[in-house]
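J.: Got a structure for you, written out below as structure tokens; questions coming shortly.
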Amino acid sequence: MKRVRKAVIPAAGFGTRFLPATKAQPKEMLPIVDKPVIQYIVEEAVASGIEQIVIITGQSKRSIEDHFDYPFELAHRLRSQRKEEELREVERISELANFVYVRQQQPLGNGHAVLVAKDVIGDEPFAVLWGDDLVDAEVPCLRQFIRVYERYGASVMGVMKVPMESISKYGVIAAKPVGERAHEVLDLVEKPSQESAPSDLAAVHGFVLTPQIFDAIKLLMASQKVYALEFEGKRYDAGNKLEFLQATVDFALKRPDLADDFRSYLKGLEL
Numbered sequence: 044m045k046r047v048r049k050a051v052i053p054a055a056g057f058g059t060r061f062l063p064a065t066k067a068q069p070k071e072m073l074p075i076v077d078k079p080v081i082q083y084i085v086e087e088a089v090a091s092g093i094e095q096i097v098i099i100t101g102q103s104k105r106s107i108e109d110h111f112d113y114p115f116e117l118a119h120r121l122r123s124q125r126k127e128e129e130l131r132e133v134e135r136i137s138e139l140a141n142f143v144y145v146r147q148q149q150p151l152g153n154g155h156a157v158l159v160a161k162d163v164i165g166d167e168p169f170a171v172l173w174g175d176d177l178v179d180a181e182v183p184c185l186r187q188f189i190r191v192y193e194r195y196g197a198s199v200m201g202v203m204k205v206p207m208e209s210i211s212k213y214g215v216i217a218a219k220p221v222g223e224r225a226h227e228v229l230d231l232v233e234k235p236s237q238e239s240a241p242s243d244l245a246a247v248h249g250f251v252l253t254p255q256i257f258d259a260i261k262l263l264m265a266s267q268k269v270y271a272l273e274f275e276g277k278r279y280d281a282g283n284k285l286e287f288l289q290a291t292v293d294f295a296l297k298r299p300d301l302a303d304d305f306r307s308y309l310k311g312l313e314l
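One rule links them: number in my numbering = place in the sequence shown (from 1) + 43.
Listed below in structure tokens is the structure:
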């Protein structure tokens, strides 16, 4: 069984839900506290053992490449000003992984975005993580997926239980339990009504995929098994304004340099 070394992050969308903030910058570069959303995703991948990050970009996405590049001028300025902590951080970002950028010339959706990475992926299993989907977990969420892949030798998707009144927003699986929080996927229904939904398990956050999948997930299920994992951790759709704000508050409260003062501020609000 080949090890999962590569991750694809589709980041070519327009981010219209965050206009006007995303008129001139990618939604993936919006900060949660002081770190762009996409950096959280990349750090999850690296903490899960990923060595190469393939970012699918599009129009007006150059700042993503710049963020993970080595900043010669900034590094020189920080070094001359003896700002050693800041210097170490910007250098660390550029050394997180081997970054590859593939341009999606037309906004044809996430499935097509994964397809354009085919030549970079080759015949290896790989991960797919969405550029605006965060999970705060003790064990990195992707690491949880990879463990299931290593157990069953098949593709894995992340799922979580969602309220039935929200079920029509998601792809929903029909599944057979096979272990603790793990399921064999029997079917995938896109945005079903409450009446037609096969379960309350919605596909979110990402996948680990075998290289046979450069097609729809349902076609893959015709030739091999697909598994799903109810991952442990708190998930935020950072492309949703409310959840973006919730993530900002929660991540700020986890920061030793901010938590006490920020918590005092929140307690003093007249709500």
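Where is the CB? At the ideal position from N, CA and C, for every residue including glycine.
Which whole-angstrom value describes the C-beta separation of Pro183 and Ala90, a residue pair presumed to lie in contact below a C-beta threshold of 8 angstroms?
T.: Start at 1 with the first residue of the sequence shown, and residue 183 comes out as number 140. Start at 1 with the first residue of the sequence shown, and residue 90 comes out as number 47. Correct: roughly 4 angstroms between the Cβ atoms.
J.: Could you give the distance in angstroms between the alpha-carbon of Ile81 and the alpha-carbon of Ala281?
T.: Sequence index remark: in the sequence shown, residue 81 carries index 38 (1-based). Sequence index remark: in the sequence shown, residue 281 carries index 238 (1-based). A direct Cα-Cα distance of roughly 10 angstroms separates Ile81 from Ala281.
J.: Between which two residues does the beta strand (DSSP E) holding Thr100 run?
T.: Taking the sequence shown and counting its residues from 1, one reaches residue 100 at position 57. From DSSP, the beta strand (DSSP E) with Thr100 extends over Gln95 to Thr100.
J.: In this structure, how does DSSP classify Met44 when only helix, strand and coil are distinguished?
T.: Taking the sequence shown and counting its residues from 1, one reaches residue 44 at position 1. Note: Met44 maps to coil in three-state DSSP.
J.: Quick check: the stretch 66–81 against the stretch 117–133, are there 3 or more CB pairs under 8 angstroms?
T.: no
J.: Determine the direct distance from the alpha carbon of Ala140 to that of Arg48, and round the result to whole angstroms.
T.: For this step, residue 48 is matched to residue 5 along the sequence shown. For this step, residue 140 is matched to residue 97 along the sequence shown. Distance between the alpha carbons of Arg48 and Ala140: 10 angstroms.
J.: Between Ile136 and Lys212, what straight-line distance do the alpha-carbon atoms span, to the nearest angstrom?
T.: For the purposes of this step, residue 136 is taken as residue 93 along the sequence shown, with counting starting at 1. For the purposes of this step, residue 212 is taken as residue 169 along the sequence shown, with counting starting at 1. Spanning the two alpha carbons is a distance of roughly 34 angstroms.
J.: Can you tell me the Cα-Cα spacing of Leu252 and Ala197, whole angstroms?
T.: The sequence position of residue 252 within the sequence shown is 209, counting from 1. The sequence position of residue 197 within the sequence shown is 154, counting from 1. Distance from the CA atom of Leu252 to the CA atom of Ala197, rounded to whole angstroms, is 7 angstroms.
J.: Terminal residues of the continuous beta strand (DSSP E) containing Lys310?
T.: Taking the sequence shown and counting its residues from 1, the one referred to as residue 310 is at position 267. From DSSP, Lys310 is part of no beta strand (DSSP E) but of the alpha helix (DSSP H) over Ala302 to Lys310.
J.: Touching or not, the stretch 102–117 and the stretch 199–213, by the rule of three or more beta carbon pairs under 8 angstroms?
T.: no
J.: Figure out for me which residue from Glu134, Gln95 and Glu127 has the closest Cα to the Cα of Asp112.
T.: As a working note, residue 112 is residue 69 in the sequence shown. Ranking Glu134, Gln95 and Glu127 by Cα distance to Asp112 puts Glu134 first.
J.: Note down the Cα distance separating Phe250 from Ala88, rounded to an integer number of angstroms.
T.: By one-based count along the sequence shown, residue 250 stands at place 207. By one-based count along the sequence shown, residue 88 stands at place 45. Rounded to whole angstroms, Phe250 to Ala88 spans 12 angstroms at the Cα level.
J.: Please give me, in chain order, every unbroken run of the beta strand (DSSP E) with length at least 3 that falls completely inside the stretch 169–255.
T.: 169–172, 176–179, 198–204, 214–222, 225–233 and 244–252
J.: Suppose only complete runs of 4+ residues qualify. What are the alpha helix (DSSP H) ranges in the stretch 266–302, listed by chain order?
T.: 284–296
J.: Ignoring anything shorter than 3 residues, give me the beta strand (DSSP E) runs that lie fully in the stretch 87–141, in order along the chain.
T.: 95–100
J.: By Cβ distance below 7 angstroms, which residues in the same chain neighbour Phe305 in space, the five residues on each side in sequence not counted?
T.: Here residue 305 is taken as the residue at index 262 of the sequence shown, counted from 1. Excluding residues within five positions, the ones whose Cβ falls inside 7 angstroms are Ala295 and Leu296.
J.: Give me, in chain order, the residues of the same chain whose beta-carbon lies closer than 7 angstroms to that of Asp243; leave out the 5 immediate sequence neighbours on both sides.
T.: In the sequence shown, residue 243 corresponds to position 200, counting from 1. Excluding sequence neighbours, Asp243 sits near Lys204, Val205, Met207 and Ile210.
J.: My understanding is that Ala247 touches Asp293, with C-beta atoms under 8 angstroms, so please give their C-beta distance in whole angstroms.
T.: Locating residue 247 in the sequence shown gives position 204, where the first residue counts as 1. Locating residue 293 in the sequence shown gives position 250, where the first residue counts as 1. Per the sequence shown, the amino acid found at residue 247 is Val instead of Ala. No, Val247 and Asp293 are not in contact; Cβ-Cβ is about 17 angstroms, not under 8 angstroms.
J.: Could you check which residue in Val228, Arg146 and Glu181 has the C-alpha nearest to that of Lys161?
T.: Taking the first residue of the sequence shown as 1, we reach residue 161 at position 118. Among Val228, Arg146 and Glu181, the Cα nearest to that of Lys161 is on Arg146.
J.: DSSP on Lys66, reduced to helix/strand/coil?
T.: Counting from one through the sequence shown, the residue named residue 66 turns up at place 23. Note: Lys66 maps to coil in three-state DSSP.
J.: Tell me which residues share the same chain as Glu286 and place their Cβ nearer than 6 angstroms to its Cβ, disregarding the 5 neighbours each side in the sequence.
T.: Taking the first residue of the sequence shown as position 1, residue 286 is located at position 243. Excluding positions up to five away in sequence, the list reads Tyr279 and Asp280.
J.: Does Ala160 come out as helix, strand or coil in the three-state DSSP assignment?
T.: As a position in the sequence shown, residue 160 is number 117, starting the count at 1. DSSP places Ala160 in coil when its eight states are reduced to three.
J.: Using the Cβ count rule (16 or more neighbours within 10 Å means buried), how would you classify Ala245?
T.: Walking along the sequence shown from the start, residue 245 turns up at place 202. Flag for Ala245 reads buried.
J.: Along the chain, where does the beta strand (DSSP E) that runs through Val76 open and close?
T.: Position 33 of the sequence shown holds residue 76. Neither: Val76 is in no beta strand (DSSP E) and is coded neither H nor E.
J.: Rank Val269, Tyr192, Pro220 and Pro79 by C-alpha distance to the C-alpha of His110 and give the top, closest one.
T.: Taking the sequence shown and counting its residues from 1, the one referred to as residue 110 is at position 67. His110 has its Cα closest to that of Pro79, out of Val269, Tyr192, Pro220 and Pro79.
J.: Pick out whichever of Lys268, Val143, Glu273 and Lys45 has its Cα sitting closest to the Cα of Leu185.
T.: Your numbering for residue 185 matches position 142 in the sequence shown. Of the listed residues, the one whose Cα sits closest to Leu185 is Glu273.
J.: Compute the distance between the beta-carbons of Val199 and Val191, then report whether it is under 8 angstroms.
T.: To locate residue 199, count along the sequence shown from 1; it is residue 156. To locate residue 191, count along the sequence shown from 1; it is residue 148. Their beta carbons are under 8 angstroms apart, which means Val199 touches Val191 by this criterion.
J.: Tell me the DSSP bridge mates of Arg60?
T.: Locating residue 60 in the sequence shown gives position 17, where the first residue counts as 1. None, per the DSSP bridge assignment.
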